[in-house]
Amino acid sequence: MLPTHKQTLTGWGRYPAARATVHHAASAEEVQALVERPGAGGIVSRGCGRSYGDAALNAGGAVLSHRELRSVLRFDAGSGLVECEAGISLAELIAHVLPHGWFPPVTPGTAHVTLGGAIAADVHGKNHHRDGSLARWITELHLATPALGTVRCSPDARPALFHATLGGMGLTGAIVRATMQLRRVESLAIRSDTTRAADLDGLLSALHEADARHRYSVAWIDGLARGTSLGRGVVIAGDHATAGESAGRRWASLAAGAAIGRHRVSVPFDAPSFALARPMVRAFNSVYWRAHPTSRDRLVPLAPFFYPLDVVGRWNLLYGRQGFAQYQCVLPGDDAAPLERVLDRVTRSGRASFLAVLKRFGAPSPGPLSFPTAGYTLSLDFPVRAGLAELARELDRLVIDAGGRVYLAKDALLDAETFRLMYPRAAELLAIRAEVDPEGRLHSSLAQRVGLVRHAGRGLPAPR
């Protein structure tokens, strides 16, 4: 057993912070032993610490780091099927498989997340409208549970446990290893289109057109534009370029794939408060919008297309010492009115956000806590300041009225009552937990905040 220590941890947003006992497991057997006997306060798995809020925190309890367990166990370069330990990061996995012509079928906006964490959050990317979330591409899991030991689950073996784990935020067990189907690619180039739109109607029209033509699409929104410019932004879409299309581009060689995830610069210290003042962000947004004119069929490198922020190390420090909270919601359907209401409330709040991102989701995953459902998903970063919780409550009401929900992997503000309204299938997760963890040993600050667990060792709340 590797040494344990007490540590104050945060998520990527650096809000909130929680002190816990950190265990570094060196084998699958140690993972199993820790989930069976975590001690007072229970235990939660943690990977690279890139969930934004408190999903991988456990105030007063234990945290299980999987980063020592990051081997590729099996890789078939012919079929693209790969089995890995859960602590491997996507950057490490890509470095292993990309030179052979394979890439993750779904990837979030950073390569610095573990495979286990990506599964627990059922991550989505720029291609959900085509390819769904990561859940669709996972074929098998090995899960360490407090009551059943380490079990194999898949769509055919223990399917209820399998689907509950995809998006289950670590509350069904500790993922030991996973098997995933990769996507074949021919180069490191993306054939990309950019469309600049002057208002929300133009942006949504461009986003729908991009979704029909391309595998990947995302929109940046100027979160401070108001009036007739409300919702103005830029749609960026693309597809993997073929070897022929990228011929002559030395950077497009698959052999260069090991460089993905490397920082080019790093933020050295917390940004001063004036850097996030409304005039500064307004100026940045205006420059960004004007710097992205409409263009077609440009060849761009794969890494900045998928992971634009990974080139900047510790970019979370840009939000200052108090940190930030990301609010990501999904608004079902194609009606633009709920999205317009949310954007209008945010712009009227005057809270500056450099990053306001819009995508369209396709069909949902089967998991009871999986976030995506068909509709628009909007992500907004807010510096932690007085009044943020009140704004989040107002946004929550707008989202609930639209039949939507917020993303637990990004959340730091949701309360238990609102969670129950947003996730009516949570009782299904509680039923699974009653089987695999009847004593409530799997425990996190997020789970306690939203009412999915009580203090470890005191049993579970009754399914509702």
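Sequential numbering of the sequence shown, starting at 1, is according to this note's numbering. Cβ coordinates follow ideal geometry from the N, Cα and C atoms, glycine included.
Spatially closest choice to residue i from the options, by CA coordinates
i, options, result
"leucine 90", "Glu209, Gly323, Leu182", "Leu182"
"proline 159", "Gly367, Gly149, Gly202, Leu73", "Gly367"
"proline 105", "Gly248, Asp131, Val450", "Asp131"
"glycine 109", "Asp156, Glu140, Ser51, Arg74", "Ser51"
"glutamate 186", "Trp102, Asp437, Gly80", "Trp102"
"valine 31", "Gly41, His66, Leu302, Asn58", "His66"
"serine 217", "Pro272, Val357, Gly170", "Val357"
"serine 485", "Leu317, Arg46, Arg184", "The requested residue 485 is not part of the displayed model; the chain covers only 1 to 464."
"alanine 389", "His112, Ala18, Asp411, Gly170", "Asp411"
"glycine 223", "Ser379, Leu141, Gly49", "Ser379"
"arginine 282", "Thr347, Ala56, Cys84", "Thr347"
"proline 308", "Leu141, Ser365, Leu355", "Leu355"
"aspartate 335", "Asp401, Val312, Asp396", "Asp401"
"glycine 403", "Met422, Leu414, Leu430", "Met422"
Buried or exposed by the 16-neighbour rule on C-beta atoms within 10 Å, applied to residue i
i, result
"glutamine 7", "exposed"
"threonine 418", "buried"
"threonine 377", "buried"
"leucine 2", "exposed"
"arginine 37", "exposed"
"arginine 464", "Low local confidence applies: a pLDDT of 35 at arginine 464 is under 50, so the model's placement there is unreliable, with the coordinate-based value given in what follows. Exposed, by the Cβ-count rule."
"serine 445", "buried"
"valine 265", "exposed"
"aspartate 211", "buried"
"aspartate 201", "exposed"
"glutamate 394", "exposed"
"proline 16", "buried"
"leucine 442", "buried"
"glycine 469", "An answer regarding residue 469 cannot be provided, because it is not within the stretch 1 to 464 covered by the chain."
"glutamate 92", "buried"
"alanine 456", "Caution is warranted here: a pLDDT of 45 is assigned to alanine 456, below 50, making its placement in the model unreliable, and no coordinate value can be reported."
"phenylalanine 466", "What is shown of the chain runs 1 to 464, which leaves residue 466 out entirely."
"proline 372", "buried"
"leucine 98", "buried"
"arginine 458", "With a pLDDT of 40 at arginine 458, under the threshold of 50, the modelled position of that residue is not reliable, and the figure given next carries that caveat. Arginine 458 comes out exposed."
"proline 338", "buried"
"arginine 425", "exposed"
"serine 133", "buried"
"leucine 73", "exposed"
"valine 287", "exposed"
"histidine 263", "exposed"
"alanine 157", "exposed"
"histidine 112", "buried"
"threonine 242", "exposed"
"proline 301", "buried"
Cβ-Cβ separation, residue j to residue i (assumed contact under 8 Å), whole Å
i, j, result
"alanine 95", "threonine 114", "Wrong, their Cβ atoms sit about 14 Å apart, outside the cutoff."
"tyrosine 327", "phenylalanine 382", "7 Å"
"aspartate 193", "histidine 214", "7 Å"
"histidine 128", "glycine 362", "5 Å"
"threonine 172", "threonine 179", "Actually they are not in contact, since the Cβ atoms of threonine 172 and threonine 179 sit about 17 Å apart, beyond 8 Å."
"glycine 13", "phenylalanine 305", "With a Cβ gap of about 24 Å, glycine 13 and phenylalanine 305 do not count as contacting."
"alanine 252", "alanine 189", "4 Å"
"alanine 135", "serine 370", "6 Å"
"proline 472", "arginine 196", "Nothing in the structure corresponds to residue 472, since the chain is present only between 1 and 464."
"glycine 170", "valine 44", "5 Å"
"alanine 28", "threonine 150", "7 Å"
"alanine 25", "leucine 64", "6 Å"
"glycine 125", "glycine 47", "Wrong, their Cβ atoms sit about 17 Å apart, outside the cutoff."
N- and C-terminal bounds of the alpha helix (DSSP H) containing residue i
i, result
"proline 159", "159-165"
"alanine 386", "Alanine 386 -> no alpha helix (DSSP H), and no H or E assigned at all."
"glutamate 68", "Unbroken run through glutamate 68: none, as it is neither H nor E."
"histidine 129", "128-131"
"glycine 116", "115-120"
"alanine 33", "28-36"
"leucine 90", "90-97"
Beta strand (DSSP E) segment containing residue i, residue limits
i, result
"isoleucine 43", "43-46"
"leucine 141", "138-145"
"glutamate 340", "Note, glutamate 340: premise wrong, no beta strand (DSSP E); alpha helix (DSSP H) at 337-349."
"alanine 356", "356-361"
"valine 82", "81-85"
"alanine 55", "Careful: alanine 55 lies outside any beta strand (DSSP E) and carries neither H nor E."
"leucine 9", "5-10"
"threonine 19", "According to the sequence as given, residue 19 is arginine; it is not threonine. Counting along the chain, the beta strand (DSSP E) containing arginine 19 begins and ends at 17-24."
"glycine 367", "Glycine 367 -> no beta strand (DSSP E), and no H or E assigned at all."
Beta carbon proximity, residue i to chain D, threshold 8 Å
i, result
"serine 286", "Note that chain D does not occur in the displayed structure, where there is just one protein chain."
Sequence ranges, alpha helix (DSSP H) only - wholly within the segment 168-251, length at least 4: The DSSP assignment places complete alpha helix (DSSP H) segments of no fewer than 4 residues inside the segment 168-251 at 200-213, in order along the chain.
Going residue by residue through the segment 402-463, where are the continuous alpha helix (DSSP H) segments of at least 4 residues, counting only ones entirely within it? Unbroken alpha helix (DSSP H) runs of no fewer than 4 residues, entirely contained in the segment 402-463, are found at 416-422, 426-436, 445-449, following chain order.
Of all the alpha helix (DSSP H) runs that stay within the bounds of the segment 288-335, which reach a length of 4 or more residues? Counting whole runs of 4 or more residues, the segment 288-335 contains the alpha helix (DSSP H) stretches 302-306.
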